[in-house]
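For reference, the structure is listed below as structure tokens.
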Ligand code: ADP
Ligand code: 5GP
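In this note's numbering, the protein residues as written are -13 to 180.
Here is the structure:
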């Protein structure tokens, strides 16, 4: 694929639905895809490192970069700021790599306006949706009870927005959901992977 024409894939959905897990599987199958590393003001979880899971920024630094126009999208989520740095996406596209954004819904809706050619996928939990999300967030064991409650409160609105998305994948069995996600992205990878 010539430099500068690579695709952007937006993977969105509520916290705990399995976006990170699914993307991990997809990247193993399609190593030409690169995940954009987001910026956030939230504290690193144990085991997370700056520049690996996120660029961890102080709130003032995040605001400064917003004012400088450095973000492709950004949103407040459950008490913190999250955003995609233009530099993260541009350098990958310029080197011909298709880019994956793992972002929440407000950010995905901004990308729909600013980058309508990006392919957007909503990852939904299996029925009963709310209960399966809660079980996954509790089972992941990375968030306090208070943080889980905050994420579930946001999830009610996020689940209601899923019909705005052209592609939807229910993360029931990981294998089945990965197959579906791969089938969505594959047609836009064919030029670079054949
Ligand atoms: P997100 O990135 O959307 O917040 P994660 O990828 O961290 O979600 O997944 C949340 C939890 O759910 C993790 O503990 C993960 O192992 C688990 N999980 C992910 N996919 C599945 C699945 N298909 N079935 C059961 N559990 C899953
Ligand atoms: P977490 O704190 O669990 O890592 O992420 C919380 C939420 O923020 C998740 O839904 C995740 O997808 C989302 N998120 C991560 N990076 C970004 C980003 O760059 N922009 C937006 N809008 N959301 C993001």
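Heads up, the beta-carbon is just placed ideally off N, CA and C, and yes, glycines get one too. None of these values were measured; they are calculated from a predicted model.
Discussion item. Going by DSSP, what residue range makes up the alpha helix (DSSP H) through residue 116?
Written reply: Walking along the chain shown from the start, residue 116 turns up at place 130. Residues 115 to 126.
Discussion item. Short of 7 angstroms in beta carbon distance, which residues of its chain neighbour residue 148, apart from the five on each side in sequence? Order them along the chain.
Written reply: Stepping through the chain shown from its first residue, residue 148 is reached at position 162. Taken in chain order, the residues that qualify are 108, 110, 154.
Practice prompt. Provide the residue span of the alpha helix (DSSP H) that contains residue 69, from first to last.
Written response: In the chain shown, counting from the first residue as 1, residue 69 sits at position 83. Here residue 69 belongs to no alpha helix (DSSP H); instead the beta strand (DSSP E) covers 66 to 71.
Practice prompt. Say whether the stretch 25 to 33 touches the stretch 137 to 147, bearing in mind that this needs 3 or more beta-carbon pairs closer than 8 angstroms, one atom from each stretch.
Written response: no
Item to complete: Use the C-beta contact count for residue 180: other C-beta atoms within 10 angstroms, 16 or more gives buried, fewer gives exposed.
Response: Translated into positions along the chain shown, residue 180 becomes position 194. For residue 180, the predicted model reports a pLDDT of 42, less than 50, meaning its position is unreliable; a value from the coordinates is still stated below. Per the 10 Å Cβ criterion, exposed.
Item to complete: Have a look at residue 13 and residue 22 and give me their C-alpha separation to the nearest angstrom.
Response: If you number the chain shown from 1, residue 13 lands on position 27. If you number the chain shown from 1, residue 22 lands on position 36. Distance between the alpha carbons of residue 13 and residue 22 is about 12 angstroms.
Fill in: Bridge partners - residue 92, DSSP secondary structure assignment
The residue you call residue 92 lines up with position 106 of the chain shown. Looking at the DSSP assignment, residue 92 forms no beta bridge with any residue, so it has no partner.
Worksheet item: Can you tell me the Cα-Cα spacing of residue 44 and residue 66, whole angstroms?
Response: By 1-based counting over the chain shown, the position of residue 44 is 58. By 1-based counting over the chain shown, the position of residue 66 is 80. For residue 44 and residue 66, the distance between alpha carbons rounds to 10 angstroms.
Worksheet item: How about the stretch 93 to 104 and the stretch 44 to 53: do they share at least three Cβ pairs that are nearer than 8 angstroms?
Response: no
Discussion item. Ignoring anything shorter than 3 residues, give me the beta strand (DSSP E) runs that lie fully in the stretch 17 to 74, in order along the chain.
Written reply: 57 to 63, 66 to 71
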